[in-house]
Amino acid sequence: METDVVRERLLKRREELRQRASDASAEARHEADPLSADFAEQVTQRENDDVLGAISSSARAELQQVDAALRRLAQGRYTTCSGCGGDIEPERLAAVPYTDKCRACAEGARPTPGRGRLG
Ligand SMILES: [Zn+2]
Numbered sequence: 026m027e028t029d030v031v032r033e034r035l036l037k038r039r040e041e042l043r044q045r046a047s048d049a050s051a052e053a054r055h056e057a058d059p060l061s062a063d064f065a066e067q068v069t070q071r072e073n074d075d076v077l078g079a080i081s082s083s084a085r086a087e088l089q090q091v092d093a094a095l096r097r098l099a100q101g102r103y104t105t106c107s108g109c110g111g112d113i114e115p116e117r118l119a120a121v122p123y124t125d126k127c128r129a130c131a132e133g134a135r136p137t138p139g140r141g142r143l144g
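Just so you know, the sequence shown maps onto residues 26 to 144 in my numbering.
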């Protein structure tokens, strides 16, 4: 598993999603009053929430999954299935780089332990 390559892919995907979010947010607002730097800093946190609110829920869900995948990567658990604890198939990770479940768990073929964490 070339984790550097995977991380690059995930980071790039995250940038795309964030970019899309901020585009959507700018469009949603479309009044471009130049704010003072101080004020702009104060609202940064709130703006972040607005940005995430402006993208589709599917893009937001993907962004969260990408973030989670990056965390798992950093913790060395990237290839570990969150459902059964086994290894996720490499070809599955290649197709869906942010997945946290092996194919069997993703398809519901195996019962997952009772911690249903829905986004
Ligand atoms: Zn599994």
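Idealized CB from N, CA, C, for every residue including glycine. Just so we're clear, the structure is a prediction, and the values are computed from it rather than from any experiment.
Tell me the rounded alpha-carbon separation between residue i and residue j.
i      : j      : result
Arg128 : Tyr103 : 15 Å
Ala120 : Gln44  : 22 Å
Ala53  : Arg96  : 31 Å
Tyr123 : Gly108 : 14 Å
Lys37  : Glu132 : 27 Å
Gly144 : Ile80  : Only weak support exists for where Gly144 lies, its pLDDT of 42 falling under 50; the value from the coordinates is given anyway. Their Cα atoms are separated by approximately 15 Å.
Ala51  : Arg34  : 26 Å
Leu42  : Ala84  : 7 Å
Lys126 : Gln89  : 15 Å
Val30  : Ala99  : 13 Å
Gly101 : Asp92  : 14 Å
Ser47  : Glu40  : 10 Å
Asp112 : Leu118 : 10 Å
Cys106 : Glu27  : 18 Å
Glu116 : Ala49  : 33 Å
Arg32  : Glu87  : 15 Å
Quick check: is any heavy atom of ligand 1 less than 8 Å from the C-beta of residue i?
i      : result
Gly4   : The displayed coordinates of the chain run from 26 to 144. Any statement about residue 4 would go beyond what the structure contains.
Ala94  : no
Ala120 : no
Judging by CA-CA distance, which residue of the options is the nearest neighbour of residue i?
i      : options                      : result
Gly110 : Gln100, Ser50, Cys130, Arg34 : Cys130
Provide the residue(s) that pair with residue i in DSSP beta bridges, ordered along the chain.
i      : result
Thr28  : Answer is none; Thr28 lacks a bridge partner.
Thr104 : Its beta-bridge partners do not exist; DSSP assigns none.
Asp112 : Thr105
Fill in: Beta carbon nearer than 6 Å to a non-hydrogen atom of ligand 3
Annotation note on ligand 3: not contained in the displayed structure, which lists ligand 1 as its ligands.
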